[in-house]
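Participant: I am attaching a structure below and will ask some questions about it afterwards.
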Amino acid sequence: MAEEQVHHRKKKILAVDDDGLVRKSIGIFLKDAGYEPTVAASGPEALRFLAERHYDLVITDIRMPGMDGLQVIQAVRDYCQQMKKPSIPMIVLTAYNDEPVRLSTEKMGVREFVFKPFKLEDFVKVLERQLGPR
Ligand SMILES: [Mg+2]
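Just so we're on the same page, the numbering used here is the position in the sequence shown counted from 1, plus 303.
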């Protein structure tokens, strides 16, 4: 068996947020929690990362200039379909409890909403629900 298969592979998470402080803190938090994070400042940047490597999960902000979170979710779904890849679980990370947005994301298959500011232990539970134990 190859070395990689013997060792536990860290789950790769792509987090998209236009706020630099959120990117910094979520990157540190995910790393400390045992994941391998990549942070992107915009939807287009996230899509470039997605084309370069496999991610186990995508976390996206909703309110971002240019491409918003709903467009990111749709683009990630479209990408997986076009590439005939299994769909990537997605989590919304937002400061706003916006019902229409929530309904739209649910229609696109997103089940997890995390509100900023979040408690680390709550966020870990959401991550484990989506990715299994670390
Ligand atoms: Mg934002």
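Glycine residues also receive a C-beta, built at the ideal position from the N, C-alpha and C atoms.
Nothing here was measured: the structure is a model prediction, and the numbers come from that model.
Compute every distance between the C-beta of Arg326 and the non-hydrogen atoms of ligand 1, then say whether any falls below 7 Å.
Facilitator: It does not: the Cβ of Arg326 is nowhere closer than 7 Å to a heavy atom of ligand 1.
Participant: Nearest CA to the CA of Met367: which residue from Arg351, Tyr358, Ser407 and Asp322?
Facilitator: With distances taken between Cα atoms, Met367 lies closest to Asp322.
Participant: Where do the ends of the beta strand (DSSP E) carrying Ile362 lie?
Facilitator: Start and end: Leu360 to Thr363.
Participant: By how many angstroms is the C-alpha of Gln374 removed from the C-alpha of Glu409?
Facilitator: Each residue's Cα considered, the two are about 13 Å apart.
Participant: If you scan the segment 339 to 407 from start to end, which runs of the beta strand (DSSP E) of 3 or more residues do you find wholly inside it?
Facilitator: Whole beta strand (DSSP E) segments, 3+ residues: 339 to 343, 360 to 363 and 393 to 397.
Participant: In whole angstroms, what is the alpha-carbon distance linking Phe416 and Leu353?
Facilitator: Rounded to whole angstroms, Phe416 to Leu353 spans 21 Å at the Cα level.
Participant: Could you name the residues that DSSP lists as bridge partners for Phe416?
Facilitator: For Phe416, which the question treats as bridged, DSSP gives the partners Val395.
Participant: Does Pro315 come out as helix, strand or coil in the three-state DSSP assignment?
Facilitator: In the sequence as displayed, the identity of residue 315 is Lys instead of Pro. It is a strand residue.
Participant: Inspect the CB distances between the segment 377 to 397 and the segment 347 to 366 and report whether three or more fall short of 8 Å.
Facilitator: In short, these stretches touch, since the Cβ pair count reaches three.
Participant: Less than 8 Å between C-beta atoms, sequence neighbours within five positions excluded: which residues of the same chain meet that for Arg380?
Facilitator: Correct list, in chain order: Ser390, Met411 and Gly412.
Participant: If we ignore side chains and look at the alpha-carbon of each, how far apart do Arg414 and Leu434 end up?
Facilitator: Whole-angstrom Cα-Cα distance: 13 Å.
Participant: Any heavy atom of ligand 1 inside 7 Å of the beta-carbon of Met393?
Facilitator: No, since every heavy atom of ligand 1 falls outside the 7 Å radius drawn around the Cβ of Met393.
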